[in-house]
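>
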RNA sequence: GCCAAAGUGGCGGAACUGGCAGACGCGCACGACUCAAACUCGUGUUCCUCCGGGAGUGUGGGUUCGAUUCCCACCUUUGGCACCA
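In the numbering used here, the protein residues as written are 54 to 876.
1. Let's see if you can read the secondary structure: which residues bound the alpha helix (DSSP H) around residue 257?
2. Secondary structure at residue 397, three-state DSSP: helix, strand or coil?
3. Rounded to the nearest angstrom, what separates residue 368 and residue 244 at their Cα positions?
4. For residue 266, which beta-bridge partners are listed by DSSP?
5. Report yes or no: do the stretch 586-593 and the stretch 173-191 share at least 3 C-beta pairs separated by less than 8 Å?
6. Does the beta-carbon distance from residue 386 to residue 400 come in below 9 Å?
7. From the DSSP output, in three-state form, read off residue 232 for me.
8. Would you be able to state if there are at least three C-beta pairs under 8 Å between the stretch 778-798 and the stretch 704-711?
9. Between the alpha carbons of residue 314 and residue 359, how many angstroms are there, rounded?
10. So residue 769 and residue 694 are supposed to be a Cβ contact under 8 Å. How far apart are they, rounded?
11. In terms of alpha-carbon separation, which member of 622, 617 and 561 lies closest to residue 608?
12. Between which two residues does the alpha helix (DSSP H) harbouring residue 740 extend?
13. By DSSP, does residue 773 sit in helix, in strand, or in coil?
14. Secondary structure at residue 346, three-state DSSP: helix, strand or coil?
15. Start and end of the alpha helix (DSSP H) containing residue 359?
16. Would you call the CB atoms of residue 290 and residue 614 closer than 9 Å?
17. To the nearest angstrom, how far is the alpha carbon of residue 240 from that of residue 489?
18. I need the boundaries of the beta strand (DSSP E) containing residue 824, first residue and last residue.
19. Spatial neighbours of residue 347 within its chain, please: CB distance less than 6 Å, with the 5 preceding and 5 following residues excluded, ordered by chain position.
20. For residue 593 and residue 785, what's the separation of their Cα atoms in angstroms?
21. Alpha carbon to alpha carbon, what distance is there between residue 185 and residue 777?
22. At 3 residues or longer, what runs of the beta strand (DSSP E) sit wholly inside the stretch 418-470?
23. Pick out whichever of 434, 742, 682 and 194 has its Cα sitting closest to the Cα of residue 564.
24. I'd like to know whether the C-beta atoms of residue 753 and residue 780 end up nearer to each other than 9 Å.
25. With a 10 Å radius around its C-beta and 16 neighbouring C-beta atoms as the bar for buried, classify residue 641 as buried or exposed.
26. For residue 476, does the three-state DSSP call read helix, strand or coil?
27. Tell me the rounded alpha-carbon separation between residue 650 and residue 674.
28. Taking DSSP's pairing of strands, which residues face residue 505 in a bridge?
29. Is there contact here, the stretch 467-474 with the stretch 268-287, by at least three beta-carbon pairs under 8 Å?
30. Using a threshold of 9 Å, state whether the C-beta atoms of residue 120 and residue 733 are closer than that.
31. Exposed or buried, what is residue 636 when buried is set at 16 or more other beta-carbons lying within 10 Å of its beta-carbon?
32. Determine, using beta-carbon pairs with one atom in the stretch 644-660 and one in the stretch 145-152, whether at least three such pairs fall under 8 Å.
33. Can you name the residues that DSSP bridges to residue 371?
34. Quick check: the stretch 567-579 against the stretch 489-503, are at least 3 beta-carbon pairs closer than 8 Å?
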């Protein structure tokens, strides 16, 4: 007899990976006869080393894609690289290697690592955002945005990281001390001419999530980020007659405005400031700008501010109210000016108390009486309007915007009087995309002194990045320092002109990679429309939740803008989104080189095999949560894989089993099939594995009872290999093809067919409760009548003991579950 | 402060629609195999117990014959936002 070889993952994994690849097993091509499924996982940055987090994100997604493929879908599962960005330049500076060389070397290395996952990538669709034929179309799309007035240039104060020497988008600035997301350096403000995209134009539409199935968490984060507030815009006038527009969510409190506050940077500050106050105002402004550089955000900071000496007229009652400046009013939101109603706004109240300003209540709560002189805090609840001319007595409730009768009434009146109007304000700002760095997609714009800014003519695209640059960071784009690159001719007048030397934020590149995957070599457009029509939209998108307010808003904007420009079809790029959690180091901390708690997937794979690493990551965690890597826990799946191997390898010794054993084996097989199918569809990877473990345990028991050799046993092994295929593709292939002798490949097989009848039991165990407490178990036929079930339960000796001869008041019967006797 | 999610054995976690809490696995203990160890296999493993049973899913209440599951209040943890007018 031939000795059974041991399970050696290294042998079978590389063998099958090579064969699958050579056979093009996972190529996904347009096939109108089959339903399509676009499964997408967020593309990696080519940092040079695949992280265990990539495995955690990608291999369960791969398992699900494989399952859907077996279910009959034509599944596309592509991969690529988010290949532009700062780390390449930083590495270049540190090691004097060209960012391009660094990036492509890393991509090469990571391709190998990604292959070791045994995932069903269609490598023919690979795209890297730094490829010429990719950024060609990134540039082209920029031009379309520009032509449609969705890209514009503006001088504006922007967050600038002095370490990375580039500007940052609002969402790339983190924390109370406003530091750079990459290097933790506190950012500073700089006034720069920058390119923006009009994301705000889509603010309302971005708040509509009805067409997509995304996690509540992400929907909530995007909703907060967009920050829609309903209210009114009202124009106040300074005493000199300059209009001063403010936005308020509480127009019903207009009569309680006792002062105005301007942001220190507000353009009217100089004009309203009297000579007597000018010195103090200038000092405060200076201090505010300085503080901007460090921190102006702290909430618990005591309010500061200075009186300008100027006054404004409240348009609703002609009251003359002082104008102050204070840093609690931000130039970047609304109009940078507010009316202050201290009686009904906490911040204004605090400010008024500190500077002894008047407080006039205009909302009267039901019970207490508000008195401006004595009230201990602002009142923000509902009530009736008072001190508000003919609005006195109008009801104000807790609703926001026009649902609030007080706000609605005042808004109507403001419009009639032409003082103001109902309005909406957003926290969302236009997307700043200029970066003063080299390794990014060029912004294809030309500036001519005579003709202004014009796009590079499309037949001259792409604007190529020059290879010969000095990339030492100076705060200016390295492209600006290149001796010749920026010199060109004006597309309008032909005279000498200069190229834009900033490059684009890499989020621009990653906003459309799912479209480039459709046809990475297509040269007549961003994508082949035929591919688009078949594959789009993305059916399932998986990745980290950290992109909720950045990438995931940008890509929706990109898509909607493309739709309105006639380039893209549909309203949303990705129908379903699911987030995975994070794998932490064994110490429960975030993995980092400095902590020395990094788990290297390559090492794990060489030690345990790819199937073990895949299944461990699926089994050990709730996918959405993640958690610390536990080295000893991987033993569980390793043992399981070895047991699978032996169940499939050991010679069959046919026995003479009890038919009940076979029936119960078949039941377990089909119950597991049902459970595994449900779990894999709903991203519950941990219970897929536990279900398969349970089934294997039952198979071993059945085998010991002589089941081997029976048709039930053969079906169990066949189904087992098929159910294993999505999660552990290599061992499943080995079992299917080599051990069971089925035709290659297990991954080209249809998913096994469920026999619902087989999952049903003949006999059920009912629990018998007395007053809700478990007292006994009885076995009854599955279709027992209610009466019989109750009778059997009442007759139970254990139950009788607890009934103690008392008369049952009520007997509850839940079919298949229990009988509860209430006494 | 606001928004969101989550609290279950020593640990990761399971429990369909309100119906046997702790599946599966790790760890641990004991046993078998072994000269011995590892591997492997078997048995046990929420806590208390007078061995009848009792308690138990963050805390306190409620609804219900019955609550990890539904409702109310609170506590804790994690993530996000944070003077947004």
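All C-beta atoms in this analysis are idealised placements derived from N, C-alpha and C, irrespective of residue type, glycine included.
Remember, predicted model here, so these are calculated numbers, not experimental data.
Looking at the atomic coordinates:
1. 256-259
2. helix
3. It is roughly 34 Å from the alpha-carbon of residue 368 to the alpha-carbon of residue 244.
4. 629
5. no
6. No, the Cβ-Cβ distance between residue 386 and residue 400 is not below 9 Å.
7. It is a strand residue.
8. no
9. 9 Å
10. Residue 769 to residue 694, Cβ: 17 Å. No contact.
11. 561
12. 738-757
13. helix
14. Per-residue confidence for residue 346 stands at a pLDDT of 47, beneath the threshold of 50, marking its modelled position as unreliable; the derived number appears in the next sentence. Correct three-state label for residue 346: helix.
15. Taken as a continuous stretch (DSSP letters only), residue 359 belongs to no alpha helix (DSSP H), being part of the beta strand (DSSP E) at 359-366.
16. no
17. 15 Å
18. The continuous stretches of beta strand (DSSP E) do not include residue 824, and DSSP gives it neither H nor E.
19. Note that residue 347 has pLDDT 49, beneath the 50 cutoff, so the model's placement of it is unreliable and the number below is only indicative. So the list is empty, once near-sequence residues are dropped.
20. 25 Å
21. 41 Å
22. 436-438
23. 194
24. no
25. exposed
26. Secondary structure at residue 476: strand, using DSSP grouped into helix, strand and coil.
27. 19 Å
28. 501
29. yes
30. yes
31. buried
32. The answer is no - the stretch 145-152 does not touch the stretch 644-660, with fewer than three Cβ pairs under 8 Å.
33. Paired residue(s): none; residue 371 is not in a bridge.
34. Result no; under three Cβ-Cβ pairs closer than 8 Å.
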